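Beneath this line is the structure, given in structure tokens, with notes to follow.
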Amino acid sequence: MVNRVTKMKAVRRQVRKEGPLVEVRMPTSERVKAVAAIRTTGAQVVESQKNDLSSKSCALCLGIGNNLSEGTEMMDQALRRAVNQKIPVILDGAGLDSCEQSRKLAEHWLSQQAVTVLKGTPSEICSLMATPPIMEEAEILAELSKLSQNYHTTVVMTGKVAYVVIDRYYWKLSTTDITLEEREAMGTGLIAAYLAVTGEIIACLDGLSALEGAIKVCQTSNRIADYEEILEALAAVTDEEVVNKVSLEKGIL
Numbered sequence: 424m425v426n427r428v429t430k431m432k433a434v435r436r437q438v439r440k441e442g443p444l445v446e447v448r449m450p451t452s453e454r455v456k457a458v459a460a461i462r463t464t465g466a467q468v469v470e471s472q473k474n475d476l477s478s479k480s481c482a483l484c485l486g487i488g489n490n491l492s493e494g495t496e497m498m499d500q501a502l503r504r505a506v507n508q509k510i511p512v513i514l515d516g517a518g519l520d521s522c523e524q525s526r527k528l529a530e531h532w533l534s535q536q537a538v539t540v541l542k543g544t545p546s547e548i549c550s551l552m553a554t555p556p557i558m559e560e561a562e563i564l565a566e567l568s569k570l571s572q573n574y575h576t577t578v579v580m581t582g583k584v585a586y587v588v589i590d591r592y593y594w595k596l597s598t599t600d601i602t603l604e605e606r607e608a609m610g611t612g613l614i615a616a617y618l619a620v621t622g623e624i625i626a627c628l629d630g631l632s633a634l635e636g637a638i639k640v641c642q643t644s645n646r647i648a649d650y651e652e653i654l655e656a657l658a659a660v661t662d663e664e665v666v667n668k669v670s671l672e673k674g675i676l
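Pasting the structure below:
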């Protein structure tokens, strides 16, 4: 546990010290929440609608959604430039399970090995695997591993349990069982902020852990914390609180 706290402190301190620039290109509803979460880390945000990715960007946060009129061509150009500049990219899965065009665009990007981290709910991730979202854990992990290997990406699936999978390795995090509309975009934003300064596994684990820790800090037996309270907690929660409240299990398939 001490080692985990030390690593998390180092990454969070680095983000606050360097203030890396995270470029966010998502539909408006998701973008607002992702940006708010990113800012709690000390990272800077640019919400550009230009074709070109900023030369100072350290990470690109993408989301297609289910409205392809919101600048997908610009997203595509920004993604290509991110690949050329070797900037990490996180793709949020919102809309992939409800819009075939969004899913096909995501599959195209993934097939180009342009996505560093793919993150989504069971329904969103399973839409890319053509498998039912309700499976036993062993089946879920096997399918996530295949997806990771096929597209050379780290796959994050959130839900009652959160999984982070790369190749044959997986990490399992305990999560709260509350339904919060803003939760997915906030998690994507946090991972993007940490991706700007560290590798994808650490970024995913720290981002998810920070969000769950903040939710658990604010949650009481009588009521569920709201979006604004969680944002405040994200800025204040300590690394020790996060590690104490969010269990982590590592395995290999």
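In terms of the numbering used here, the sequence shown has 427 at position 4, counting the first letter as 1, and numbering is strictly consecutive. Yeah, the Cβ is synthetic: ideal placement off N, Cα and C, and Gly gets one too. All values derive from a computational prediction rather than experimental measurement.
- Per DSSP, reduced to three states, the secondary structure at VAL640 is helical.
- In this structure, DSSP gives ASP520 a state outside helix and strand, which the three-state scheme calls coil.
- Under DSSP, GLY543 takes part in a beta bridge, and its partners are MET580.
- Around the C-beta of PRO555, fewer than 16 other C-beta atoms lie within 10 Å, and the residue is accordingly described as exposed.
- One alpha carbon belongs to ASP662, the other to SER525, and they sit about 36 Å apart.
- When DSSP states are grouped into helix, strand and coil, GLN535 belongs to the coil group.
- The C-beta distance from ALA633 to ILE653 rounds to 11 Å, too long to meet the 8 Å contact threshold.
- With respect to the 8 Å criterion, ALA482 and VAL445 are classified as neighbours on the basis of their beta carbons.
- Where SER568 is concerned, the enclosing alpha helix (DSSP H) starts and stops at 560 to 574.
- Per the Cβ contact rule, the segment 516 to 525 is not in contact with the segment 558 to 570 (fewer than 3 Cβ pairs under 8 Å).
- Secondary structure note for GLU470: it is in no beta strand (DSSP E), with a DSSP letter that is neither H nor E.
- For VAL620, there is no enclosing alpha helix (DSSP H), as DSSP gives it neither H nor E.
- In terms of CA proximity to SER480, PRO511 leads the group ILE548, PRO511, ARG454 and LEU628.
- For HIS575 and ALA656, the gap between their C-alpha atoms comes out near 34 Å.
- The alpha-carbon separation between SER550 and GLY543 amounts to approximately 10 Å.
- In the structure shown, VAL660 falls within a coil segment according to DSSP collapsed to helix, strand and coil.
- Counting C-beta pairs closer than 8 Å gives three or more between the segment 607 to 616 and the segment 453 to 473, which meets the contact rule.
- Selection LYS432, LEU676 and VAL447 evaluated against GLU566 yields LEU676 as nearest (Cα-Cα).
- Within the same chain, ASP629 and ASP662 come within 6 Å of MET431 by CB-CB distance, once the 5 residues on both sides are set aside.
- Here ASP515 carries a strand assignment [DSSP, helix/strand/coil].
- By the neighbour-count definition (other C-beta atoms within 10 Å, threshold 16), ARG436 is an exposed residue.
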